[in-house]
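Peer 1: Have a look at this one before I ask anything.
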Amino acid sequence: MPVNKSYYRTLINELQKHDATLVAVSKTKPVEDILDLYAEGHRDFGENYVNELNEKYKALPKDIRWHFIGHLQRNKVKVIAPYVHLIHGVDSERLLAEISKEAVKLNRNIDVLLQVHIADEETKFGFDKAEVIDIVKNIKAGNYPSVSVQGLMGMATFTDNTEKIQAEFQSLRILFDEIKNTHGIPFKILSMGMSADYLYAVRSGSNMVRIGSAIFGSRNSN
Ligand SMILES: *Cc1c(COP(=O)(O)O)cnc(C)c1O
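Take the sequence shown: its letter number 195 is residue 188 in the working numbering, and every next letter is one higher.
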């Protein structure tokens, strides 16, 4: 399926009104599709699988900002640590420690988001809200050098119930504001919203959406 450029252009205009950044989720899609959007001036792309990301990184222009949005295994951190722009799905302190270790080795700062579990589904990874506040305190205490936590990431329940989706996004927005205001952490990024639910997300205060199938067409696997 070809990249839907007219949808992309409309989406960019819509997101500008909300000051939200688009991460174009290119997982399972060929490098040609990424180059199609690159030619439109797009630079932020999201991938879920380390090996796939690494192949694309090698093949594609070096000014692309690569977002890792999948579930990251600790033993794979070193593969993407040299070039990854933002790791969205940090969901354990052991992972945070591993990212910090690699970042220190590389003498490079790595930006991350903490993933918060806001959905009903068991399958979605992430911290609960109390854990996030604890971790934020540990980060503030300097426990994870060379890692900058830029904010939070969350995924809503996969459902037609739009009120439920909005309530979940709003709960993450409230936590985001609380950490900023009460704990004095300069959070900047609230990553929430995908093809089906991004409008609810930006209306709830998301400033980074991760959109794949609406731009690139549906995926066969997964
Ligand atoms: C695949 C994926 C997306 C994009 O989903 P679409 O429904 O194709 O827009 C966004 N976020 C995460 C974490 C994903 O795994």
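Think of the CB as a built atom: it goes at the ideal place given N, C-alpha and C, for glycine as much as any other residue.
With a 10 Å radius around its C-beta and 16 neighbouring C-beta atoms as the bar for buried, classify lysine 49 as buried or exposed.
Peer 2: The sequence position of residue 49 within the sequence shown is 56, counting from 1. When all chains shown are included, lysine 49 counts as buried.
Peer 1: Helix, strand or coil: which one does DSSP assign to alanine 96?
Peer 2: Translated into the one-based positions of the sequence shown, residue 96 becomes position 103. In this structure, alanine 96 counts as helix in the three-state DSSP scheme.
Peer 1: What I want to know is whether the C-beta of isoleucine 62 ends up closer than 7 Å to one or more non-hydrogen atoms of ligand 1.
Peer 2: The sequence position of residue 62 within the sequence shown is 69, counting from 1. Yes, the beta carbon of isoleucine 62 sits closer than 7 Å to at least one heavy atom of ligand 1.
Peer 1: Return the bridge partner residues of methionine 146 from the DSSP annotation.
Peer 2: Counting from 1 along the sequence shown, the entry for residue 146 is found at position 153. BP columns for methionine 146 point to Gln108, Ser184.
Peer 1: At which residues does the beta strand (DSSP E) containing isoleucine 204 begin and terminate?
Peer 2: Within the sequence shown, residue 204 is the residue found at index 211, counting from 1. Here the beta strand (DSSP E) through isoleucine 204 covers 201 to 204.
Peer 1: State whether the stretch 101 to 112 contacts the stretch 131 to 149, with contact taken as three or more CB pairs (one from each stretch) at a distance under 8 Å.
Peer 2: Output reads yes: the stretch 131 to 149 touches the stretch 101 to 112.
Peer 1: Measuring straight from C-alpha to C-alpha, what distance separates asparagine 6 and serine 197?
Peer 2: Here residue 6 refers to the residue found at position 13 when the sequence shown is read from its first residue. Here residue 197 refers to the residue found at position 204 when the sequence shown is read from its first residue. Cα to Cα, asparagine 6 sits roughly 18 Å from serine 197.
Peer 1: Alpha carbon to alpha carbon, how far is isoleucine 111 from alanine 194? Give it in angstroms, no decimals.
Peer 2: Counted from its first residue, the sequence shown places residue 194 at position 201. Counted from its first residue, the sequence shown places residue 111 at position 118. Those two C-alpha atoms are separated by around 13 Å.
Peer 1: From the DSSP output, which residues share a beta bridge with glycine 39?
Peer 2: Here residue 39 is taken as the residue at index 46 of the sequence shown, counted from 1. DSSP, once it has assigned bridges, lists Val18, His60 as partnering glycine 39.
Peer 1: Nearest CA to the CA of histidine 78: which residue from Leu88, Asp29, Asp56, Val97?
Peer 2: One-based indexing of the sequence shown puts residue 78 at position 85. Per the Cα distances, Asp56.
Peer 1: Please determine if the stretch 153 to 161 and the stretch 119 to 138 are in contact, where contact requires at least 3 C-beta pairs separated by less than 8 Å.
Peer 2: Touching, no.
Peer 1: Here's the rule: buried if 16 or more other CB atoms are within 10 angstroms of the residue's CB, otherwise exposed. What is glycine 34?
Peer 2: In the sequence shown, counting from the first residue as 1, residue 34 sits at position 41. Answer is exposed; the Cβ neighbour count stays below 16.
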